[in-house]
Amino acid sequence: MFTDSKKPRSQQSGLSQQNTIAQGTIIEGDLKSEGDFRIEGVINGTLITKGKVVIGTTGLVEGSLSCNNADIEGKIKGKLVVLETLSLRASANVYGDVQTGKLAVEPGATFNANCQMKDSVKELKTESKPSLQASAKTGQTA
5 MFTDSKKPRS QQSGLSQQNT IAQGTIIEGD LKSEGDFRIE GVINGTLITK
55 GKVVIGTTGL VEGSLSCNNA DIEGKIKGKL VVLETLSLRA SANVYGDVQT
105 GKLAVEPGAT FNANCQMKDS VKELKTESKP SLQASAKTGQ TA
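Using this note's numbering, read the sequence shown as starting at 5 and increasing by one per residue.
Right, here's the structure in full:
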(Lines of atoms letter the chains of each structure in order from A and count residues from 1; the text may use other names and numbers.)
(Lines give C-alpha, C1' and ligand atoms only; values in the text may rest on other atoms or scores of the structure.)
Protein backbone atom coordinates (compact mmCIF):
# COMPACT_ATOMS: atom_id res chain seq x y z
CA MET A 1 0.00 0.00 0.00
CA PHE A 2 2.74 2.46 0.96
CA THR A 3 5.51 1.41 -1.43
CA ASP A 4 7.95 3.62 -3.25
CA SER A 5 6.75 3.29 -6.85
CA LYS A 6 10.00 4.81 -8.17
CA LYS A 7 12.03 1.75 -7.12
CA PRO A 8 12.05 -1.38 -9.29
CA ARG A 9 10.13 -4.33 -7.86
CA SER A 10 13.36 -6.24 -7.18
CA GLN A 11 14.48 -3.49 -4.77
CA GLN A 12 11.05 -3.29 -3.12
CA SER A 13 11.02 -7.01 -2.34
CA GLY A 14 14.65 -7.08 -1.14
CA LEU A 15 16.00 -9.13 -4.04
CA SER A 16 18.69 -6.54 -4.74
CA GLN A 17 20.50 -7.50 -1.53
CA GLN A 18 23.81 -9.28 -2.04
CA ASN A 19 24.69 -12.27 0.12
CA THR A 20 28.32 -12.16 1.22
CA ILE A 21 30.41 -15.08 2.43
CA ALA A 22 33.33 -13.32 4.12
CA GLN A 23 36.96 -14.42 4.10
CA GLY A 24 37.55 -16.88 6.95
CA THR A 25 33.99 -18.25 6.75
CA ILE A 26 33.46 -21.91 5.85
CA ILE A 27 29.99 -23.12 4.91
CA GLU A 28 29.23 -26.81 4.47
CA GLY A 29 25.95 -27.91 2.93
CA ASP A 30 23.39 -26.67 0.43
CA LEU A 31 22.45 -23.03 -0.16
CA LYS A 32 19.49 -21.78 -2.22
CA SER A 33 18.72 -18.13 -2.88
CA GLU A 34 17.04 -15.75 -5.28
CA GLY A 35 19.71 -13.07 -4.86
CA ASP A 36 23.33 -12.40 -5.78
CA PHE A 37 26.35 -13.81 -3.92
CA ARG A 38 29.88 -12.60 -3.30
CA ILE A 39 32.11 -15.36 -1.98
CA GLU A 40 35.42 -14.54 -0.29
CA GLY A 41 35.27 -17.56 2.03
CA VAL A 42 34.75 -21.28 1.39
CA ILE A 43 31.63 -23.20 0.37
CA ASN A 44 31.78 -27.00 0.51
CA GLY A 45 28.51 -28.19 -1.02
CA THR A 46 25.90 -26.86 -3.41
CA LEU A 47 24.95 -23.26 -4.19
CA ILE A 48 21.87 -22.60 -6.34
CA THR A 49 20.75 -19.05 -7.10
CA LYS A 50 18.89 -17.16 -9.80
CA GLY A 51 21.26 -14.24 -9.38
CA LYS A 52 24.91 -13.50 -10.11
CA VAL A 53 27.76 -15.14 -8.23
CA VAL A 54 31.15 -13.47 -7.76
CA ILE A 55 33.90 -15.66 -6.36
CA GLY A 56 36.55 -13.26 -5.08
CA THR A 57 40.30 -13.88 -5.08
CA THR A 58 40.16 -15.55 -1.64
CA GLY A 59 36.97 -17.47 -2.45
CA LEU A 60 36.69 -21.23 -2.98
CA VAL A 61 33.70 -23.34 -3.98
CA GLU A 62 34.07 -27.13 -3.79
CA GLY A 63 30.96 -28.92 -5.02
CA SER A 64 28.40 -27.54 -7.42
CA LEU A 65 27.32 -24.05 -8.37
CA SER A 66 24.27 -23.12 -10.45
CA CYS A 67 23.48 -19.48 -11.29
CA ASN A 68 22.49 -17.04 -14.06
CA ASN A 69 25.87 -15.25 -14.31
CA ALA A 70 29.24 -15.85 -12.67
CA ASP A 71 32.42 -13.82 -12.31
CA ILE A 72 35.30 -15.95 -11.05
CA GLU A 73 38.47 -14.50 -9.52
CA GLY A 74 39.11 -17.33 -7.05
CA LYS A 75 38.78 -21.12 -7.26
CA ILE A 76 35.99 -23.53 -8.08
CA LYS A 77 36.30 -27.32 -8.07
CA GLY A 78 33.31 -29.36 -9.21
CA LYS A 79 30.27 -28.78 -11.39
CA LEU A 80 29.47 -25.27 -12.63
CA VAL A 81 26.24 -24.43 -14.49
CA VAL A 82 25.88 -20.82 -15.66
CA LEU A 83 22.77 -20.04 -17.71
CA GLU A 84 24.10 -16.84 -19.26
CA THR A 85 27.72 -15.57 -19.03
CA LEU A 86 30.70 -17.07 -17.20
CA SER A 87 33.62 -14.62 -16.83
CA LEU A 88 37.01 -15.91 -15.72
CA ARG A 89 39.43 -13.26 -14.45
CA ALA A 90 43.21 -13.64 -14.68
CA SER A 91 43.42 -15.05 -11.13
CA ALA A 92 40.64 -17.65 -11.68
CA ASN A 93 41.16 -21.40 -11.23
CA VAL A 94 38.39 -23.67 -12.56
CA TYR A 95 38.51 -27.47 -12.30
CA GLY A 96 35.67 -29.86 -13.15
CA ASP A 97 32.65 -29.73 -15.46
CA VAL A 98 31.29 -26.47 -16.87
CA GLN A 99 28.07 -25.77 -18.74
CA THR A 100 27.44 -22.17 -19.83
CA GLY A 101 25.81 -20.00 -22.45
CA LYS A 102 28.79 -17.66 -22.99
CA LEU A 103 32.38 -17.83 -21.81
CA ALA A 104 34.85 -14.95 -21.35
CA VAL A 105 38.41 -15.81 -20.27
CA GLU A 106 41.12 -13.30 -19.37
CA PRO A 107 44.76 -14.21 -20.08
CA GLY A 108 46.28 -15.94 -17.05
CA ALA A 109 43.16 -17.80 -15.95
CA THR A 110 43.49 -21.54 -15.28
CA PHE A 111 40.67 -23.51 -16.93
CA ASN A 112 41.02 -27.28 -16.55
CA ALA A 113 37.45 -28.35 -17.16
CA ASN A 114 35.13 -30.13 -19.53
CA CYS A 115 33.08 -27.33 -21.06
CA GLN A 116 29.75 -27.43 -22.86
CA MET A 117 28.44 -24.27 -24.52
CA LYS A 118 24.65 -24.61 -24.48
CA ASP A 119 23.57 -21.91 -26.95
CA SER A 120 26.33 -22.67 -29.46
CA VAL A 121 25.44 -26.34 -29.56
CA LYS A 122 21.80 -25.56 -30.34
CA GLU A 123 22.78 -23.21 -33.18
CA LEU A 124 25.08 -25.78 -34.76
CA LYS A 125 22.40 -28.46 -34.77
CA THR A 126 19.75 -26.28 -36.43
CA GLU A 127 22.04 -24.63 -38.97
CA SER A 128 21.87 -26.13 -42.47
CA LYS A 129 24.64 -25.61 -45.01
CA PRO A 130 24.99 -26.89 -48.59
CA SER A 131 26.44 -30.35 -48.57
CA LEU A 132 29.82 -31.06 -50.12
CA GLN A 133 28.64 -34.62 -50.76
CA ALA A 134 25.94 -33.36 -53.14
CA SER A 135 28.59 -31.45 -55.12
CA ALA A 136 30.85 -34.52 -55.20
CA LYS A 137 28.07 -36.74 -56.59
CA THR A 138 27.44 -34.39 -59.52
CA GLY A 139 31.15 -33.95 -60.19
CA GLN A 140 31.04 -30.22 -59.50
CA THR A 141 33.58 -28.34 -57.44
CA ALA A 142 32.76 -25.66 -54.95
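Every residue gets a Cβ at the ideal spot worked out from N, C-alpha and C, and that includes glycine.
From a predicted model like this one, the values you see are computed outputs, not experimental measurements.
Alpha carbon to alpha carbon, how far is residue i from residue j?
{"i": "asparagine 23", "j": "glutamate 110", "result": "26 Å"}
{"i": "glycine 63", "j": "leucine 84", "result": "15 Å"}
{"i": "glutamate 88", "j": "glutamate 32", "result": "26 Å"}
{"i": "aspartate 40", "j": "valine 65", "result": "15 Å"}
{"i": "asparagine 116", "j": "glycine 55", "result": "25 Å"}
{"i": "glutamine 120", "j": "arginine 42", "result": "25 Å"}
{"i": "glutamine 21", "j": "asparagine 118", "result": "32 Å"}
{"i": "threonine 61", "j": "valine 86", "result": "19 Å"}
{"i": "serine 70", "j": "aspartate 101", "result": "12 Å"}
{"i": "valine 4", "j": "lysine 106", "result": "Here the chain has residues from 5 to 146 only, and residue 4 is not among them."}
On a Cα-Cα basis, can you pick out the residue from the options that is closest to residue i?
{"i": "isoleucine 52", "options": "Ser37, Ala26 and Gly45", "result": "Ser37"}
{"i": "tyrosine 99", "options": "Ile76, Thr29 and Gly55", "result": "Ile76"}
{"i": "asparagine 72", "options": "Glu32, Cys119 and Gln103", "result": "Gln103"}
{"i": "alanine 94", "options": "Gly105, Lys79 and Lys106", "result": "Lys79"}
{"i": "lysine 81", "options": "Ser68, Ser91 and Leu92", "result": "Ser68"}
{"i": "asparagine 97", "options": "Ile47, Gly39 and Thr114", "result": "Thr114"}
{"i": "isoleucine 47", "options": "Ile25, Thr61, Ser91 and Gly55", "result": "Ile25"}
{"i": "serine 91", "options": "Ser70, Ala74 and Lys56", "result": "Ala74"}
Please classify residue i as buried or exposed, where buried requires at least 16 neighbouring CB atoms within 10 angstroms.
{"i": "aspartate 34", "result": "exposed"}
{"i": "isoleucine 59", "result": "buried"}
{"i": "glycine 112", "result": "exposed"}
{"i": "isoleucine 30", "result": "exposed"}
{"i": "alanine 108", "result": "exposed"}
Would a C-beta distance cut-off of 8 Å place residue i and residue j closer than the cut-off?
{"i": "glycine 45", "j": "glycine 28", "result": "yes"}
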